[in-house]
Amino acid sequence: MKLLKILFLFLAIQVSAQQGGMWIPSLLQGMNENDMQALGSKLSAKDIYDVNHSSLKDAIGHFNGGCTSEVISKKGLLLTNHHCGFGQIQSHSSLEHDYLKDGFWAENYEDELPNNGLYVEFIVRIEDVTTQVLEGVTDTMTAKEKQAKTDGNSNRIQSAVTKEAWQDTKIKSFFKGNQYFLFVTERFNDIRLVGAPPTSIGKFGSDTDNWVWPRHTGDFSLFRIYADKKNRPAAYSKDNVPYKPKHFLPVSLDGISEGDFTLVFGFPGTTQEYLPAAAIKEITEDLNPSNIAIREAALKVIDAQMKASDEIRIQYASKQARIANAWKKWIGENLGIKKSNAIAKRKEAEAEFTKALKKKNLESQYGHLLPELEKQYEAFAPIDIKRNNFVEIFVRTNELMGMMFRLSQMENAAINGDDAFNVARESTKNRIKSVLKDFNVDVDQGVFEAIMPFYTDNVDPSIYKHTAFTNLESANAILDSAPGDFIEKLNADPAYAYAKPFIIEFYTKIEPEFQEKNTAINALETEYMKALMEVVPNERYYPDANSTLRVTYGQVRGYAPRDAVYYEPVSYLDGVMEKYIPGDYEFDVPQKLQDLYTSKDFGRYADANGKLPVCFLGTNHTTGGNSGSPAIDAHGNLIGLNFDRVWEGTMSDMNYDPEICRNIMVDVRYVLFVIDKYAGATRLIKEMKLVHPKK
Ligand code: ARG
Ligand code: GLU
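Note that our numbering gives residue 456 to position 455 of the sequence shown, counting from 1, and the numbers run on in steps of one.
#1: Keeping to the same chain, check which residues put their C-beta closer than 8 Å to that of Pro-454; ignore five residues upstream and five downstream.
#2: Rounded to whole angstroms, what's the CA-CA distance from Thr-141 to Lys-147? Just pull it up for me.
#3: Should the segment 51–66 be called in touch with the segment 274–282, which here means at least 3 C-beta pairs below 8 Å?
#4: By how many angstroms is the C-alpha of Pro-484 removed from the C-alpha of Asp-645?
#5: Between the Cα of Leu-119 and those of Glu-649, Pro-246, Pro-234, spot the shortest distance and give me the residue it belongs to.
#6: For Ala-500, does the count of other Cβ atoms within 10 angstroms reach 16, so buried, or fall short, so exposed?
#7: Quick check on DSSP: helix, strand or coil for Glu-286?
#8: Using only the alpha-carbon positions, how far apart do Val-1 and Lys-510 sit?
#9: Counting only runs of 4+ residues fully inside the segment 307–369, write out the alpha helix (DSSP H) ranges in chain order.
#10: What is the DSSP secondary structure of Arg-193, reduced to helix, strand or coil?
#11: If you drop the 5 nearest sequence neighbours on each side, which residues of the same chain put their C-beta closer than 6 Å to that of Met-2?
#12: Please state whether DSSP places Glu-122 in a helix, a strand or coil.
#13: Contact between the segment 205–222 and the segment 576–589 is defined here as three or more beta-carbon pairs at a separation below 8 Å; is this criterion met?
#14: Is the closest heavy atom of the ligand GLU to the C-beta of Gly-86 under 8 Å?
#15: So, helix, strand or coil for Pro-253, using DSSP?
#16: Determine the extent of the beta strand (DSSP E) in which Phe-175 is found, giving its start and end residues.
#17: With distances taken Cα to Cα, identify the nearest neighbour of Asp-385 among Asp-287, Asp-494, Lys-164, Leu-363.
#18: Does DSSP put Lys-695 in a helix, in a strand, or in coil?
#19: Should Thr-623 go down as buried or exposed, given a rule of 16 or more other Cβ atoms within 10 Å for buried?
#20: Within 10 angstroms of the Cβ of Val-442, are there 16 or more other Cβ atoms? Answer buried if so, exposed if not.
#21: Comparing alpha-carbon positions, which option in Tyr-542, Leu-642, Pro-694, Asn-399 lies nearest Leu-618?
#22: Quick check on the burial criterion: 16 or more other C-beta atoms within 10 angstroms. Buried or exposed for Arg-551?
#23: So, at 8 Å on beta carbons, what are the nonlocal neighbours of His-344 in its own chain, with the 5 sequence-adjacent residues on each side left out?
#24: Might you give, ordered along the chain, the residues of its own chain that have their beta carbon closer than 7 Å to the beta carbon of Ile-14, omitting 5 neighbours on each side?
#25: Classify Gly-464 as helix, strand or coil using the three-state DSSP reduction.
#26: Which of the three DSSP states, helix, strand or coil, is assigned to Pro-562?
#27: Which same chain residues end up closer than 8 Å to Ala-680 when comparing Cβ atoms and leaving out the 5 residues on each side of it in sequence?
#28: How about Trp-331: is its Cβ closer than 8 Å to a heavy atom in the ligand HEM?
#29: Compute the beta-carbon to beta-carbon distance between Ile-452 and Ala-298, rounded to the nearest angstrom, for a pair I have assumed lies under 8 Å.
#30: Kindly examine the ligand GLU and report whether one of its heavy atoms sits closer than 8 Å to the Cβ of Gly-22.
#31: Round the Cβ separation of Gln-688 and Leu-79 to the nearest angstrom and send it over; I've been treating them as touching at under 8 Å.
#32: If we cut at 9 Å on Cβ distances, does Arg-605 have a partner in chain B?
#33: Short of 6 Å in beta carbon distance, which residues of its chain neighbour Gln-306, apart from the five on each side in sequence? Order them along the chain.
#34: Helix, strand or coil for Asp-668? Go by DSSP, reduced to three states.
#35: Identify, in the order they occur along the chain, each residue of the same chain with its Cβ nearer than 8 Å to the Cβ of Ile-245, setting aside the five sequence neighbours on each side.
#36: Apply the 10 Å Cβ neighbour rule to Asp-654 and answer buried if 16 or more other Cβ atoms are within range, or exposed otherwise.
Next up, the structure:
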């Protein structure tokens, strides 16, 4: 047994030499295709991405711009994570209909719940437009001139694209502005909630288990795409019909074993794999600690209030999850960077780069880049932190200050005439309405008192007593005034009077200095990326994540994070019961699930060993945005749903290490089991295509 494990580890290291990377789906032919097949895939590059025929990519939708989802039936049934649909589930919940606590299952199409603003976007095709975008850009241009040129070129390219009237286009920069791709997209706006397990399944383990293996969360929810009668995108209408997709993923009932091929297909948000050591140092030593401290202070207040009141629990569930998620990730990221000696190792790699420059006689061209970057990051840190703290407090965490920030934009719009003002009024009113829908003055004031001291000595909680903006009616009384009147009343509001000097400082001092320094760093990094690819040739350069569609592939694998510890790659329902704490807000288990466990009523969803699988690990290189991404088997069938990474691997956005970085997926058999056995929503099982690829 021990020998076997050593052999496995040895194999994992051997094989992982070809893993890591988030690849552009239209460029898989050759190296990636070969790698995938070596890992066990039976798929061709064209099975994954094809312009002329339907392919896997047609089933993959960008979910509301931040997560991934996939179509799993010919009637537009859409699978994503519970935490991706959390905002929607929360917004349909109330004390009477507590879908967070009890789950939600539509019994028929009519019961499926529309979601204002929610959209899903598919990729129609991808084209390399680097030459056209960079046309006329020269080395002697300033960063600003270059930007103006590439912007102009991009607009021209997009207006000349051949596409259907209902499709959109965008151009994105890759490799820090060394390559550009055009995307033709199709966006659906009528997306309805179909099903969600209770939070005690969908978010089982909550913050304690978040970012951690072993994991036992059924992190999934179901939606449906609706289209007009011609099967085209349309705004919500009760006359819309279920969307007929170009492709949907069949669902495998055969499960996974260690070593099986896995492909994760989705929309990873941001990675920074090619940063100089100086930047990693700035992020982990300055930026992360200050963000962690602010969020920790805010969470202390929110968590306590949520535990004390069901109403507040429902109101703040989604906001708390968002704040806590990044907070914990930054902590893990810092630990991982430290433990892996990432900064020292990056410095070593930089020394190699410098040596290679000398050897290739490229010192005069590129030799200044690293020393210059180091200098600039040092000068950048103070303003970067200051700006980050502002955004953290005035945009992301305190809602009263967030409203003031919005209102200042509306005040500015008033200067630009009635049209601009009316547009700003519309969007500010909507925003404030949605903030106040789930707002509790005591919670927000508590957060204010806890986090404001990170920014200023001038902390004045009395503004909460006298402001008009903690109440929709009094807020609207100001918002509905004529521009001149609005400005006067707004400036007389104590919360606005308090916030305004900070906001002015932000716009006049902080933001300009930040932008200036940031632009200079970006320009250097564009050069550095180019130099790196030229001087240290390596066919495995992949572009950083930028919220575009990517493929990452690997295998089902455990990992050994530290001495004497080896983590198995599969978790089971037994583990849910091991963690069960009756009545606990994180580890309670619904009675029905306990009963199914006791009677071992797993149906056809059990593993060969008779146990019910819950989650599994893979060597796929993922990041935020890959949530809800399908895990696909060697034949193109759905085997799982990506939702997280392991604790020791959260550093992978800056320092991917194939030995310990693992992504966490829900086993699709657990998803099916919850839908079928737990919820009895068999109508949904019936519309899927269940397959047996291994038999
Ligand atoms: N860490 C995962 C992600 O980055 C899951 C977050 C949702 N789960 C939670 N307990 N908040 O989104
Ligand atoms: N949970 C993350 C998300 O929402 C994905 C996991 C990760 O960051 O790797 O996108």
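Glycine included, every Cβ here is placed at the ideal spot set by N, Cα and C.
Working from what's here:
#1: Excluding sequence positions up to five before and after Pro-454, its CB lies within less than 8 Å of the CB of Val-460, all in the same chain and listed in chain order.
#2: 9 Å
#3: no
#4: Cα-Cα distance, rounded: 47 Å.
#5: Pro-234
#6: Answer is buried; the Cβ neighbour count reaches 16.
#7: helix
#8: Here the chain covers residues 2 to 696 and nothing more, so residue 1 does not appear.
#9: Counting only runs that start and end inside the segment 307–369, the alpha helix (DSSP H) elements of at least 4 residues fall at 311–340, 343–360, 364–367.
#10: strand
#11: Residue confidence for Met-2 is low, a pLDDT of 42 falling below 50, so the modelled location carries little weight and cannot support an answer.
#12: strand
#13: With the cut-off at 8 Å, the segment 205–222 and the segment 576–589 touch.
#14: no
#15: The sequence shown places Ser at residue 253, not Pro. Ser-253: strand per DSSP, three-state reduction.
#16: 169–175
#17: Asp-287
#18: coil
#19: buried
#20: exposed
#21: Leu-642
#22: buried
#23: Looking at the sequence itself, residue 344 is Ile, so the reference to His does not match. The answer, listed in chain order, is Ala-278, Ile-281, Lys-282, Thr-285, Ile-338.
#24: Confidence in Ile-14 is poor, its pLDDT being 42 and thus under 50, which makes the residue's placement too unreliable to answer from.
#25: Checking the sequence shown, residue 464 turns out to be Ile, not Gly. Three-state result, Ile-464: helix.
#26: coil
#27: Within the same chain, Ala-680 has close Cβ partners Gly-104, Trp-106, Gly-196, Pro-198.
#28: What this structure holds is the ligand ARG and the ligand GLU, not the ligand HEM.
#29: 5 Å
#30: no
#31: The sequence given here has Glu at residue 688, not Gln. Cβ-Cβ separation between Glu-688 and Leu-79: approximately 12 Å, too far for a contact (criterion under 8 Å).
#32: Note that chain B does not occur in the displayed structure, where there is just one protein chain.
#33: Ile-313, Val-444
#34: strand
#35: First, the residue type needs correcting, since residue 245 is Lys and not Ile in the sequence shown. Excluding positions up to five away in sequence, the list reads Lys-75, Lys-76, Gly-77, Ala-228, Asn-232.
#36: buried
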